[in-house]
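The structure appears below as structure tokens.
2 protein chains.
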Amino acid sequence: MTVLPNIDPSPCRKKIKKTLRKTCSVKTLKRRLPILSWLPKYKPGYFPQDFIAGITVGLTAIPQGIAYAVVAGLPPEHGLYASLTSGVIYVFFGSCYNVTVGPTAILAAMTAKYVSNYSADFAILVAFISGLVILGMGILQLGFLVEFISMPVISGFTTAAALQIAASQLKSFVGLSGPSGNYFAESIENLIVNFKTMKLYEPILGLATIIMLMLLKKLGEGCKRTDGFIKQVRWFISLSRNAVVIVVGMTVAFILKITLEHEPLILIGDIGGGLPEFSWPPFSTVVGNQTYSFGDMMNVMGTGFVVLPLVAIIESVAIAKAFAGGATVDATQEMIALGLCNIIGSFGQSMPITGSFTRTALNHMSGVVTPLGGVTKVILLIIALTSLTSTFYYIPKASLSGLIISAMFSMIDYKIVQKLWRNSKKELAILIVTGMVCLLYGLEYGIIAGIVIEAALLLHRVSRPKLSANFVKSQKGDLLIVPLTEDISYCAAEHIRRTVIKESQELSDTVIVIDGTNLKNMDFTAASNLVLVVKELDKKSLRVLMLNFNLILKNLCVDIDRSIEEKFVYGTNVLVMPEVFLKAV
Amino acid sequence: MTVLPNIDPSPCRKKIKKTLRKTCSVKTLKRRLPILSWLPKYKPGYFPQDFIAGITVGLTAIPQGIAYAVVAGLPPEHGLYASLTSGVIYVFFGSCYNVTVGPTAILAAMTAKYVSNYSADFAILVAFISGLVILGMGILQLGFLVEFISMPVISGFTTAAALQIAASQLKSFVGLSGPSGNYFAESIENLIVNFKTMKLYEPILGLATIIMLMLLKKLGEGCKRTDGFIKQVRWFISLSRNAVVIVVGMTVAFILKITLEHEPLILIGDIGGGLPEFSWPPFSTVVGNQTYSFGDMMNVMGTGFVVLPLVAIIESVAIAKAFAGGATVDATQEMIALGLCNIIGSFGQSMPITGSFTRTALNHMSGVVTPLGGVTKVILLIIALTSLTSTFYYIPKASLSGLIISAMFSMIDYKIVQKLWRNSKKELAILIVTGMVCLLYGLEYGIIAGIVIEAALLLHRVSRPKLSANFVKSQKGDLLIVPLTEDISYCAAEHIRRTVIKESQELSDTVIVIDGTNLKNMDFTAASNLVLVVKELDKKSLRVLMLNFNLILKNLCVDIDRSIEEKFVYGTNVLVMPEVFLKAV
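Chains A and B, in that order, give the protein sequences.
First residue of the first sequence? That's 1 in our numbering, and the numbers climb one at a time after it.
First residue of the second sequence? That's 1001 in our numbering, and the numbers climb one at a time after it.
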């Protein structure tokens, strides 16, 4: 019997095997389906906390779901569907116990454009496509792309979004007729044009809603879940204030209808009751007389195809981090969960969803322990959709707009503006430009403008490394020392060439030392230009030395031009003892 | 009489005045119209040299002008017009005495797409628009943008352009019928499909042209302008080899016609004689039955709108630098000259032009002294256009394609591939990707792909600064030292946060020192994340110190969060004497 030689499998095969083994391990399964980790460890003692948190979140999710569907221009039930399906999916796939997902003001505002100009089908397709993109980015580990959106850009974008949403709600707030407008500028224009159609009851109720929300917030201050009964009640009412003001609004509408024998307020009206029906997302739609194929719909989405998923990821990951309390956030898993919530949600006519800051904060304050809190929220939503839609008929639009406008106050970040004013006017300018483009051309163009401007400025800075040449006089001769920075890339090559040539313009009898002590990286273009500089200075009969270049970079230069090898010198005493240095070389 | 107080004009007014004074000075005028500098200093002794250089350049400009018009798919006279008008303009505005402008192979290849798919009018409009963009970039000092095109990208692009041009000429080279193809892949496909239609005389003449060019080049080796008569003649013939082979080709064609009583070779045919008529560039055109408005034409240009001017600037500035012999090149002035050459040229039906490497090298070798050499060239071109067009009728297309193909050999840079293979495989990959996209999708997409990939990789590198944490044990306690790099921008913020958190994951009883000694710049996003890290580590009861941050950066951090002020410490002995350091803080 011949013994087969023990051949090592190729490294490539090994790697594939390792990846496969890693992908199929129990640990990975638990990471990708976090419910397998926390559910078996669930203790009965957690339940009351999860239950109460679920109630407070649910009592906010219902009015916010309706409100953000209204912001998007959709029938209100789409907001409730979105909260419902995403709530169920996140229980299984979510890795952060206190994060709550659902429709948010910003995503709703970004969807509104498609709905008002085309049809509601676009909102559902946007959810589906965004979900696919987010899932894909999660699987391909492309989450790092959001790191290229700086805080000034996010802040300018968020503030503009808040202003745009608030402006779009002013119409319902004062009971005007006419369209609400796609952009901030358009909304303000419509407001001015239709100002004469302002009603009486609407602004009163809207303002009363805002004031009530402020008072109810005050009511809960200093109260905790663990306090005595009275304080507990105050705490609970305060946290459920969104539901409270809507109930008050509905009651007012109902009483007015009975006493005046007609309804003076504009109501939200019929809401499609029952649970969402599951079917394929709309891959084609009809707007007016025109049929839009899938390709046409994607064309309409345009830049939204990339921007909406990015914004969803920023919101969700930022929230997860903010409430992680120092723990590391598995951004990949959050993106997978978010992607699946949107994809599966779109099969149940859901609008785009992401992490909600308000509801996550509420969940956290209510002392949630596991994602099971989400189940209570889901049950509340099911009750609302199956039994309460006829009651929701009486929700006055003015109450909703009051609710939305007051939520927008907290989205505007004044502090960052002050801090940037004091520390970095350039970054403040980026914030303002981002915000202005958002307000004047639309949210997605604003954020793209911000990202591109910031990246261009960064590239420009990388292309202009600061070189401070030192001129050292010594008895053995003069030295011009040009210390290079850590990293020189192709775009800085010409700048360095220009600087060295300029610094040595009127010199003679001087040794020019290009100091590569700190230099760690240099690409081919940069190295070629450096070689060119040396040769040009040689032509002018100036002596050039390349000091302390590491071996890889020296080899690169020598490979570009053999004749440059003799220029490389090593030593440390050039600045301290120029004479000794000059003698040594 | 009251004396008016001597009020300082506002700094803004001062600045405007200064700029105005600077703009209107004689020095600026001379810089912007360089002929005012060199013409008054012209010495009669310069004339013979300028004259001879003009002759050699002109003898190449004529065949190359015709050849590159053919590459662009234009009637041959457009190439001659382009050489003529740009030659005149450059005498006035050019700042580099030896640079020669005119049609080039690459610009011709980039124009070909518009001409073959639409009409010749597009080539003239492209020249006009490119001229405007180049002039605008010159005035706005945006020339630095070409610094973002690295050598691997340029090399991949140039090589692909050479292959594409050579492939498009293979058809004429072997006398095939059928179209020559928009892209490399298409040209090769057409060649294979139509291979059976190959003729006899064409490939022989084409090959003979290439061999003649090689031999004529050899003939001039070792000969200089200043040598004896025989060597001088050899030198002159060698430099005029492009004209020589075309004359040989014409003679062959003429003799064949007379001896065979029909013409077996495909000839260039009728050339529109006379000087160009000056009129507005075509702002609308008719292709087939369809009228293209200016807007439609701009739409057709698409990315060419930016890419063509960029390529023109790269070619021109690179050539100016290569032949400046160490002198600084006024890139702004070169761009202004180039822009004007294209704009004014387009009024005389000229195709797009830029600096020509071949003819500039020829000019240099011929010992040109001032831009006046260009005048001789222009006179030769005028003679050609007014008296020789009937002779040019006999230029065989095979001779032209042989001329073009042999010019392409020198455009392919093998050496850079070897050097990148040895030193930087990543940059070689960029070269290959650029080249492949050029060959498969078109030249402009290839160069854009290269620029974008390179910029994305650069941004990615900037977002991942190398942080090497040092763990130092000492009797007073352990230290984890994380030295920050010189520059931390928003996109690196998250990476640094992650690194610090990861390094300190399983530590306890350790002082974490975030070492900002080398740190020079940090933006708001990076500072905010750093503050966040410190607060997160605080929550884990790890002691954190921020070492040697400069005052501006310290103030920024403290402004973000007051409580962080106590974390800042200063000292230099942390690595050398950790005990002393720990005692001191």
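The C-beta atom is built at its ideal place from N, Cα and C for all residues, glycine as well.
Since the model is a prediction, treat every value here as computed from it, not as a measurement.
Among A/V57, A/Y81 and A/G94, the one whose alpha carbon lies nearest that of A/P597: Residue 597 of chain A lies beyond the stretch modelled for chain A, which goes from 1 to 585, so this question has no answer here.
C-beta neighbour in chain A for B/H1495, strict 9 Å: Chain A, which has a Cβ nearer than 9 Å to the Cβ of B/H1495, makes this yes.
Could you tell me the alpha carbon to alpha carbon distance between A/V311 and A/T376, rounded to whole angstroms? Each residue's alpha carbon lies about 28 Å from the other.
What number of angstroms, rounded off, separates the C-alpha of B/C1096 from the C-alpha of B/K1321? If you take the alpha carbons of B/C1096 and B/K1321, they lie about 9 Å apart.
Can you find a CB in chain B that lies within less than 9 Å of the CB of A/T525? Using a CB distance cut-off of 9 Å, A/T525 counts as an interface residue toward chain B.
What residue range does the alpha helix (DSSP H) around A/Y81 cover? Membership of A/Y81 in the alpha helix (DSSP H) is indicated by the continuous run E77 to F93.
Determine which residues of the stretch 557–574 of chain A have a Cβ less than 8 Å from any Cβ of chain E, and write them out in chain order. In summary, chain E is missing from the structure at hand, where the protein chains are A and B.
B/T1332: which of B/L1036, B/I1134, B/A1109 and B/I1055 sits nearest, CA to CA? Distances from the CA of B/T1332 to each of B/L1036, B/I1134, B/A1109 and B/I1055 were compared; the closest alpha carbon is that of B/I1134.
So which of B/I1052, B/G1273 and B/I1154 has the shortest CA-CA distance to B/L1239? Looking from the CA of B/L1239, the closest CA among B/I1052, B/G1273 and B/I1154 belongs to B/I1052.
Below 6 Å CB to CB, which residues in the same chain sit around A/N470 once its five sequence neighbours on both sides are set aside? Cβ contact annotation for A/N470 (same chain, cutoff 6 Å, sequence separation greater than five): I481, in chain order.
Can you tell which of A/K554, A/N529 and A/V569 has the C-alpha that lies nearest to the C-alpha of B/E1147? Residue A/N529 is the option with its Cα nearest to B/E1147.
Spell out whether any CB of chain B is found under 9 Å from the CB atom of A/E427. Yes - at least one Cβ of chain B is within 9 Å of the one on A/E427.
Ordered along the chain, which non-local residues of its own chain (more than five positions away) have a Cβ less than 6 Å from that of A/L340? Contacts found: I89 and F93.
Cβ-based burial, B/E1277 [other Cβ within 10 Å; buried from 16]: It counts as exposed.
I want to verify the contact list: residues of chain A whose CB lies under 7 Å from the CB of B/I1501, in sequence order. Under the 7 Å cutoff, chain A gives T328.
Nearest CA to the CA of A/G131: which residue from A/V307, A/S366, A/T100 and A/V462? Check the Cα spacing between A/G131 and each of A/V307, A/S366, A/T100 and A/V462: the tightest is with A/V307.
I'd like the list of long-range same chain contacts for B/C1557, defined as Cβ closer than 6 Å, with 5 residues on each side in sequence excluded. Correct list, in chain order: A1527, V1531 and I1564.
Give a yes or no on whether 9 Å exceeds the smallest Cβ distance from A/F148 to chain B. Yes, A/F148 lies at the interface with chain B (some Cβ there is under 9 Å from its Cβ).
List, in chain order, every chain B residue whose beta-carbon is nearer than 9 Å to that of A/N470. Proximity of chain B to A/N470 at the Cβ level (cut-off 9 Å) is not reached, the minimal Cβ distance being about 17 Å.
Determine, using beta carbons only, whether B/I1246 and B/L1385 come nearer to each other than 9 Å. Not in contact: B/I1246 and B/L1385 (Cβ atoms no closer than 9 Å).
Among B/Q1475, B/V1472, B/T1499 and B/G1477, which one has its Cα closest to the Cα of B/L1484? Cα-wise, what sits closest to B/L1484 is B/T1499.
Backbone secondary structure at A/V3 - three-state DSSP: Reliability of the predicted coordinates at A/V3 is poor, the pLDDT of 46 falling under 50, and the value obtained from them is presented with this limitation in mind. Residue state, collapsed to three classes: coil.
Assigned exposure category for B/E1427 - 16 Cβ within 10 Å defines buried: Burial state of B/E1427 is buried, judged by a 10 Å Cβ sphere holding 16 or more other Cβ atoms.
Per-residue DSSP class, three states only, for B/M1522: Of the three classes helix, strand and coil, the one that applies to B/M1522 here is strand, per DSSP.
In three-state DSSP terms, what is A/T485? In the structure shown, the three-state DSSP call for A/T485 is coil.
Inter-residue spacing [alpha-carbon to alpha-carbon] between A/I336 and A/V91: Roughly 13 Å between the two C-alpha positions.
Is A/G102 helix, strand or coil when you go by DSSP? In the structure shown, A/G102 sits in a strand (DSSP, three-state: E or B).
Under a CB-based cut-off of 9 Å, is A/P578 close to chain B? Not closer than 9 Å to any Cβ of chain B, the Cβ of A/P578 fails to qualify, so no.
Listing by chain order, which chain A residues have their CB less than 9 Å from the CB of B/P1152? What B/P1152 touches in chain A: Y490, D523, F524 and T525.
Please classify A/P9: does DSSP put it in a helix, a strand, or coil? The predicted model places A/P9 with a pLDDT of 48, which falls under 50 and marks its position as unreliable; any figure quoted below should be read in that light. Looking at A/P9 - three-state DSSP - the assignment turns out to be coil, as it is neither helix nor strand.
Residues of its chain near A/S83, where Cβ-Cβ distance is below 6 Å and the 5 sequence neighbours each way are ignored: Counting only Cβ-Cβ distances below 6 Å, and skipping sequence neighbours, we find A61, G65, G102 and L381.
With a threshold of 8 Å, are at least 3 pairs of Cβ atoms found where one atom belongs to the stretch 1069–1086 of chain B and the other to the stretch 1264–1277 of chain B? The stretch 1069–1086 of chain B vs the stretch 1264–1277 of chain B: in contact.
By the criterion of Cβ-Cβ separation under 8 Å, what are the contact partners of A/S528 in chain B? Neighbours of A/S528 on chain B, chain order: M1151.
Could you check where the beta strand (DSSP E) with A/F294 kicks off and where it finishes? A/F294 -> not in any beta strand (DSSP E); alpha helix (DSSP H) instead, spanning F294 to M301.
Under a three-way DSSP split, which group does B/Q1586 fall into? Because residue 1586 of chain B is not part of the residues shown, which for chain B are 1001 to 1585, the question remains open.
Determine contact between the stretch 1404–1420 of chain B and the stretch 1277–1294 of chain B, defined as no fewer than three beta-carbon pairs at a distance below 8 Å. Judged by Cβ distances under 8 Å, the stretch 1404–1420 of chain B makes no contact with the stretch 1277–1294 of chain B, as fewer than three pairs qualify.
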